[in-house]
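Written out below as structure tokens is the structure these notes cover.
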Amino acid sequence: MWGAGGSGRLEPVLGAWRSAAILPRPERFHFWPHFPASNIDWNQTENASAHHTSQFSSPLLVVRRGQQFNIKVELGVPTASNLTFTVETGSTAALQAQTRVEFGISSTHSSGSWSAVHTAASHPTSFSISSPANAAIGRYQLGLRTGSSGSSNLGSFVLLFNPWMSGDDVFLPNNAEREEYVLSEFGVVFVGSSNRISRFGWNYGQFQDEILDVCLFILDRSLSYRKDPASDLRRRNDPKYVGRVLSAMVNSNDDNGVLQGNWSGNYSGGTNPSSWTGSVDILRKWKQSGFKPVRYGQCWVFAGVLNTVLRCLGIPARTISNFDSAHDTDGNLTVDVYYDESGNPLNMSGDSVWNFHVWNEGWFVRSDLGSRYNGWQILDATPQERSTGIFQCGPASQTAIKEGDVDLEHDSPFVFAEVNADRITWLYDSTTGEKKKVHSETKSIGQFISTKAVGSYARQDVTNNYKYEEGSAKERAVFQKAREKLNLNTLDSISAAVPEAENPKVSGKFKVQSPPEVGQDVNLLLSLTNLASATKSLMANLTMWSIIYTGKPVHEVWKSALPVTLGPEEEKAFPITIPYAAYQQYLTTDNMIRATALCQVQEGGSAVVERDITLDNPSITLKVLGPVKVGQEAKVEVAFTNPLDKEVKDCVVLAEGSDLLADKLKITAPPLQGKQTSQVTFEITPSKSGTKQLLVNFSCDKFKDIKAFETVKVDN
């Protein structure tokens, strides 16, 4: 007997059976002396083109649900009229569990069920197979039997969601958006802070070798599958369910999922999260290690990996970066920030404000909520808070967040707070234990919510998709609506019992004089203004702390006290310099310093002035030299100039790019003297034509994870 071929030729059926070894199932077909089929041709090239799956490196046929695919079968029986096809998924497929389906030959395809049409009576015989638009995704076995001649297993194929099919819950009508959110293997992620947004490239690589297999294994290793395989397989028809399962499985906290989070600053035994430039290496490592969590990830890494898996399975997806993102641990839609009287940050609340946070949006229908809530749905794989007992988040409807409908599933209150919580600053007196409310802000949380624009690397601002304009009557009404739905209004009376600090009638802000760069002194101006008609005297307690991007203080790098006298309605500016020597040993890979001035006014009241400063790394240049063609080597040059007066060492260049490099490339470079320029060269050999992305990451002992990317046009 002979099996399924993938390139337009007939091959042994048993060969196809052996090629399905990746399926987590035993052999369960029985064979009789006379088989109904001896050969099959999957028409893989034609089917893949029609189903937009040609980019996959899988040896199996990959098709999308709700759409027919054509096969040719060499029958061992004289007629096709009494044939029955079978499709089944999972290791214990059964009709009762709806993981096995039998269907005969029809004259036309059915949109609501599996069907087969006999398209040509030639030899071999041609059939057109079609799945319903709500079929469960995953690995399938295709079989064929007759009542008298026995059964044949024709081989395996993979079924995915179909954004091109109007009846599919993930249908996305805009072709440019499908190209971006389903078919594009690369993108950019926006990071930094609300006053200095930057970006770096990311290699999603959803079509690369092994990745489809790994994505399906992620589903097969979920807690839901382990608990009830039949139910899990059946529910894989629903993108809501699949998205929620994936948001749990991409982190490792409850289920030995893909990626272990680490925000400690100690990344021994793993990879610094800032060093990753793509998902492919992470997903392959997870599989190759026997499904042990890969170390380590932070929010943009979790989002990058989840984006890869969603696009691979056919769910349109994009990453979203939210600046000044609230982490509300107690669900009261406020974040509480505490300082002592010297201006030092205090860890008195589980709440925090992240400089940025990256999550995902997937595009699909919300049949559970109503059509109003269709469209972009928030999914977050970063393990922050438990939801129904495990670390998962979403899907939360973007529309529900904007409208304050926080009673709708899933995890809407948490997401709403991320983009629209109120921030309250408190002053704590350690001698008396008294805390006073210094300031309440309604506009600072959820700034410049960003994603990559379709077809370009530009930043698209989607803040208005998440909330009405800050400060508007509508935005405040929605906030109040959310509080009412969560029964939070009773907290107002509790909050009112807490004394508020006297209004100091002094305001201030930090100004950065020039874009600061690692290795240089940081120059600031503290501007203070007297808002009253009488003179004010105050003491400004100044502190500078290195922080990580979640807002967590790491180490004090500088402090001072500044006595100030301000005449009526007077403004004064005070220059501040933070020497490189003061911060160099304490700066984290996030390159962030928090400047705080706690201004205690002699006439009464206190004011807190705060600014997070993101320092730029020195740049590297990346050049692809000469024309780039499939199968031919092309030279790449990476250059870095040491801006310091002292030597840098432990220089390493990492490079990756889907269809440009087979594996991630690591190059060790010699030490670099002060002000010296180093050049590293390597070769790429493209395997496919089209627009690709090459990414590099440079690190040394003084500068960590300096990134660059280049778009590469590959010709045939």
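So for the sequence shown, full-length UniProt numbering puts the first residue at 1; every next one is plus one. Note that beta-carbon positions come from the ideal geometry of N, C-alpha and C, so glycine has one too.
Looking at the secondary structure, which residues open and close the alpha helix (DSSP H) in which residue i lies?
i       : result
Leu-310 : 299-313
Ala-662 : Where Ala-662 is concerned, there is no enclosing alpha helix (DSSP H), given that its DSSP letter is neither H nor E.
Met-249 : 239-249
Asn-47  : 44-50
Ile-137 : It is not in any alpha helix (DSSP H) - Ile-137 carries neither H nor E in the DSSP assignment.
Leu-283 : 280-288
Lys-629 : Per DSSP, Lys-629 belongs to no alpha helix (DSSP H) and is neither H nor E.
Cys-215 : 211-220
Ala-97  : Unbroken run through Ala-97: none, as it is neither H nor E.
Glu-177 : 175-178
Which residue comes first and which comes last in the beta strand (DSSP E) that contains residue i?
i       : result
Glu-556 : 553-566
Ala-573 : 571-578
Gln-447 : 447-452
Lys-623 : 620-625
Glu-500 : Where Glu-500 is concerned, there is no enclosing beta strand (DSSP E), given that its DSSP letter is neither H nor E.
Ile-197 : 196-203
Arg-459 : 459-461
Leu-694 : 690-699
Tyr-428 : 422-429
Val-478 : Note, Val-478: premise wrong, no beta strand (DSSP E); alpha helix (DSSP H) at 473-485.
Ile-378 : 375-379
Should residue i and residue j be called a contact, given that it needs their Cβ atoms to be closer than 7 angstroms?
i       : j       : result
Leu-524 : Ile-593 : no
Glu-180 : Val-454 : yes
Leu-695 : Phe-709 : yes
Val-182 : Thr-125 : no
Lys-649 : Asp-616 : no
Phe-391 : Asp-213 : no
Glu-647 : Pro-671 : yes
Asn-697 : Leu-644 : no
Arg-459 : Phe-190 : yes
Ala-607 : Val-506 : yes
Ile-424 : Asn-322 : no
Phe-127 : Trp-114 : no
Tyr-241 : Arg-235 : yes
Gly-143 : Thr-92  : no
Asp-351 : Thr-319 : no
Tyr-296 : Gly-270 : yes
Should residue i be labelled buried (16 or more other beta-carbon atoms within 10 Å of its own) or exposed?
i           : result
Asn-464     : exposed
Ile-494     : Confidence at Ile-494 is low in this model, with a pLDDT of 46, below 50, so the placement of that residue should be treated as unreliable; the coordinate-derived value is given next. Classification of Ile-494: exposed, given that the 10 Å Cβ count is below 16.
Arg-476     : exposed
Lys-675     : exposed
Thr-277     : buried
Pro-383     : buried
Glu-656     : buried
residue 718 : Residue numbering for the chain in the displayed model covers 1 to 716; residue 718 lies beyond these limits and cannot be assessed.
Lys-474     : exposed
Leu-310     : buried
Pro-163     : buried
Leu-95      : exposed
Leu-23      : Annotation note: pLDDT 36 at Leu-23 (below 50); position unreliable, coordinate value reported separately. That one is buried.
Lys-713     : exposed
Arg-483     : buried
Gly-370     : exposed
Arg-386     : exposed
Can you round the beta-carbon distance between residue i and residue j to whole angstroms, since I take them to be within the 8 angstroms contact cut?
i       : j       : result
Lys-452 : Val-188 : 5 angstroms
Ala-540 : Leu-562 : 4 angstroms
Ala-396 : Val-415 : 5 angstroms
Ile-129 : Ala-116 : 5 angstroms
Asn-272 : Thr-589 : 6 angstroms
Ala-532 : Pro-568 : 7 angstroms
Leu-716 : Gln-673 : Looking at the sequence provided, one finds Asn at residue 716 rather than Leu. Between Gln-673 and Asn-716 the Cβ distance is about 44 angstroms, and since that is not below 8 angstroms, they are no contact.
Gly-76  : Gly-167 : Not quite, the Cβ-Cβ distance comes to about 36 angstroms (not below 8 angstroms), so this is no contact.
Leu-83  : Thr-146 : 6 angstroms
Asp-461 : Thr-442 : 20 angstroms between Cβ atoms; not a contact.
Task: Sufficient close CB pairs (3 or more, under 8 angstroms) joining the stretch 348-358 to the stretch 184-204 - done: yes
Task: Inter-stretch contact (C-beta, 8 angstroms, three-pair minimum) for the stretch 412-432 and the stretch 149-156 - done: no
- [ ] Indicate whether the contact test is met: 3 or more Cβ pairs, each with one atom in the stretch 655-675 and one in the stretch 271-289, closer than 8 angstroms.
- [x] yes
- [ ] Count the C-beta pairs between the stretch 247-263 and the stretch 364-378 that are closer than 8 angstroms, then say yes if the count reaches three, no if not.
- [x] no
TODO: Would you check if there are 3 or more beta carbon pairs closer than 8 angstroms linking the stretch 201-209 to the stretch 54-62?
DONE: yes
Task: Contact the stretch 327-345 vs the stretch 394-414: 3+ CB pairs below 8 angstroms - done: yes
Open item on the list: When you compare the stretch 357-373 with the stretch 301-320, are there three or more beta-carbon pairs, one atom per stretch, that lie closer than 8 angstroms?
Closed with: yes
TODO: State whether the stretch 620-635 contacts the stretch 543-563, with contact taken as three or more CB pairs (one from each stretch) at a distance under 8 angstroms.
DONE: no
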